[in-house]
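Participant: Can you keep this structure in mind? I'll have questions shortly.
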Amino acid sequence: TNKIQIAIDGPAGAGKSTIAKIVAEALGYTYIDTGAMYRAVTYKALKRNIKLNDAKALEEMLLGTSIELKPSENGQLVYVDGEDVSQLIRSNEVTNNVSQVSAHPNIRKILVNMQKDLASSGGIVMDGRDIGTQVLKEAQLKIFMSASVEERAKRRLLDNESRGILSDIETLKKEITKRDKLDSEREASPLIQADDAIYLDTTNLSIIEAADVILKLARDKM
Ligand code: C5P
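For the sequence shown, the UniProt record's numbering begins at 2 and goes up steadily by one.
Shown next, in the form of structure tokens:
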């Protein structure tokens, strides 16, 4: 069968990465979490005390940074300058600041080029915000995945719990809504559904059900 590219975009907490991982594994494809790359840049900038509104300083930092994505059993490990930051980039501090970093066109340009390179060897499932509209415009299958804010906040709560992070649902709802607004209203490649993307509402779907929908669509394209 033909190896295809699958682009999955959508707002925070819609289940993209969990579902994308399952789809990739089922097909024997490579999974790439592009959000992790924006998080990695944000993590290093915070650590270095670089102002997140200073696009030039961020770019200089990024050009001297190695970001590596390595496949692992539960998805993907992220290394910044050789350090495994897979857990560190999921902190609340990074989560609540990443949209400021990802709004800079110069930073996006560098990461988008890296993402295109990573995808060049076929058989790929990539998730993010601009995969269908910018990174993999020619992807054979594009999904725009969403769920109600209530449901997304609930999932984030459980996810945080499993990682030992305490949070409350109202705060999470506010944070998610704020991040969606920043990501959707930014000038550079805002979060938007590609014309040729299929809308998938996961509010009432289990992880396996959502993955099955995508797998069926994918197999039709092979
Ligand atoms: O997917 P995740 O929630 O980890 O993404 C973190 C942030 O990275 C998003 O809120 C968004 O600001 C940014 N991002 C982006 N473009 C992508 C992936 C993520 O701007 N392709």
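In this text, a Cβ means the ideal position worked out from N, Cα and C, and glycines have one as well.
Considering only residues of the same chain and omitting the five flanking positions on each side of I23, which have a CB-CB separation below 8 angstroms?
Facilitator: I208, I209 and A212
Participant: Which residue comes first and which comes last in the alpha helix (DSSP H) that contains Y44?
Facilitator: T35 to K48
Participant: Measuring only from the beta carbon, is V86 closer than 7 angstroms to any heavy atom that is part of the ligand C5P?
Facilitator: no
Participant: From K155, Q194, V150 and I68, pick the residue whose C-alpha is nearest to that of G83; which is it?
Facilitator: Among K155, Q194, V150 and I68, the Cα nearest to that of G83 is on I68.
Participant: Using the rule of at least 16 other Cβ atoms within 10 Å of the residue's Cβ for burial, across every protein chain shown, is D131 buried or exposed?
Facilitator: buried
Participant: Please confirm whether I9 and Y44 have their CB atoms less than 8 angstroms apart.
Facilitator: no
Participant: Which of the three DSSP states, helix, strand or coil, is assigned to T66?
Facilitator: coil
Participant: Tell me, please, whether the segment 115 to 122 touches the segment 31 to 51 by the rule of three or more beta-carbon pairs shorter than 8 angstroms.
Facilitator: The segment 115 to 122 and the segment 31 to 51 touch, with no fewer than 3 CB-CB distances between them shorter than 8 angstroms.
Participant: Restricting to Cα atoms, I'd like to know which of I7, A15, K4 and L173 is closest to N205.
Facilitator: A15
Participant: As a quick exercise: from K52, R40 and S100, pick the residue whose alpha carbon is nearest that of V79.
Facilitator: R40
Participant: State the start and end residues of the unbroken alpha helix (DSSP H) segment that holds A219.
Facilitator: I208 to K222
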